[in-house]
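Please read the structure below before turning to the comments.
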Amino acid sequence: MGTLPEELAPHVERIVARPRIYADANVPAGLVAHMRTRLRWDVLFVVEEDDLRRASDARHYQLAQQLRRTLVTMDRDYLDDRRFPPADSGGVLVVQAPDERQLSALLDRIDRALFHPDDCDAPIAQPLVGRKLQVNTDWGRE
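This is the structure we're talking about:
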């Protein structure tokens with residue numbers, strides 16, 4: 593028997609047909625609001641959780657995987673494969689843009705390309721399991 597989050601995660605995935613995100617403390621609150629309202633992602637924002645607010649990067653990485661959520665961050669430390677092995681993750685998305693407006697536009701493109709691909713009827717909750725993706729404002733432009 594695993595932990596409560598490990599036991600419940602498969603059931604939640606069947607009930608919630610939305611991308612499941614773990615946003616760390618480096619993500620601006622306005623961007624989290626954009627994910628929730630415009631993109632309709634299921635976002636756990638660590639700043640809203642007293643127990644997680646000051647947790648270490650390693651703890652966030654572990655929890656995102658246990659909760660079967662894609663870790664969204666602006667912290668490039670997560671790109672270190674020795675500290676954060678990709679195989680041990682629910683997926684990591686490191687986003688970079690000069691301002692919140694451009695970050696929102698970038699997430700819109702990510703949503704269309706990764707979470708709502710054209711050939712899929714339902715959104716993909718965790719498209720990056722076991723992988724990391726670093727994106728900036730040029731990513732996904734045609």
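Position one of the sequence shown corresponds to residue 593 (the numbering used here), numbered consecutively onward.
For every residue, glycine included, the Cβ atom is placed at its ideal position computed from N, Cα and C.
Every value quoted in this text rests on a predicted model; they were computed, and no experiment measured them.
The beta strand (DSSP E) spanning TYR653 covers which residue range?
On the sequence shown, position 61 is the one that residue 653 refers to. Looking at the DSSP string, TYR653 is not in any beta strand (DSSP E); the run it does join, the alpha helix (DSSP H), is 649-658.
Alpha carbon to alpha carbon, what distance is there between ASP713 and GLN657?
To locate residue 657, count along the sequence shown from 1; it is residue 65. To locate residue 713, count along the sequence shown from 1; it is residue 121. C-alpha separation (whole angstroms): 25 Å.
Residue interval of the beta strand (DSSP E) (run including ARG628):
Stepping through the sequence shown from its first residue, residue 628 is reached at position 36. Looking at the DSSP string, ARG628 is not in any beta strand (DSSP E); the run it does join, the alpha helix (DSSP H), is 621-629.
Given that a residue counts as buried once 16 or more other Cβ atoms are within 10 Å of its Cβ, and exposed if not, what is GLY683?
Taking the first residue of the sequence shown as position 1, residue 683 is located at position 91. Label assigned to GLY683: buried.
Meets three-Cβ-pair contact criterion under 8 Å: the segment 643-657 and the segment 626-635:
no
Short Cβ contact (7 Å threshold) for VAL687 with TYR670
Sequence index remark: in the sequence shown, residue 687 carries index 95 (1-based). Sequence index remark: in the sequence shown, residue 670 carries index 78 (1-based). The answer is no: Cβ separation not under 7 Å.
Can you tell me the Cβ-Cβ gap for PRO611 and PRO715, rounded? I've got them flagged as a contact below 8 Å.
Residue mapping note: residue 611 aligns to position 19 of the sequence shown, counting from 1. Residue mapping note: residue 715 aligns to position 123 of the sequence shown, counting from 1. With a Cβ gap of about 6 Å, PRO611 and PRO715 count as contacting.
Can you tell me the Cβ-Cβ gap for THR729 and GLN694, rounded? I've got them flagged as a contact below 8 Å.
Residue numbering aside, residue 729 sits at position 137 when the sequence shown is read from its first letter. Residue numbering aside, residue 694 sits at position 102 when the sequence shown is read from its first letter. Confirmed, about 5 Å.
What does a CB cutoff of less than 6 Å around ALA705 pick up in its chain, not counting 5 residues either side in sequence?
The residue labelled residue 705 in the question sits at position 113 within the sequence shown. Hits under 6 Å: GLY732.
In the structure shown, what three-state DSSP assignment does LEU671 receive?
By one-based count along the sequence shown, residue 671 stands at place 79. Looking at LEU671 - three-state DSSP - the assignment turns out to be helix.
With DSSP as the reference, please indicate the residues paired to ARG612 in a beta bridge.
In the sequence shown, the residue the question calls residue 612 occupies position 20. Answer by DSSP bridge pairing, in chain order: ASP634.
Spatial neighbours of GLY622 within its chain, please: CB distance less than 7 Å, with the 5 preceding and 5 following residues excluded, ordered by chain position.
For the purposes of this step, residue 622 is taken as the residue at position 30 of the sequence shown. Within the same chain, GLY622 has close Cβ partners GLU692.
Here's the rule: buried if 16 or more other CB atoms are within 10 angstroms of the residue's CB, otherwise exposed. What is ASP673?
What you label residue 673 is simply residue 81 of the sequence shown in a count that begins at 1. The residue is exposed, with fewer than 16 neighbouring Cβ atoms inside 10 Å.
Buried or exposed by the 16-neighbour rule on C-beta atoms within 10 Å, applied to ASP710:
By 1-based counting over the sequence shown, the position of residue 710 is 118. Exposed.
What is the DSSP secondary structure of VAL639, reduced to helix, strand or coil?
Taking the sequence shown and counting its residues from 1, one reaches residue 639 at position 47. Reduced to three states, the DSSP call for VAL639 is helix.
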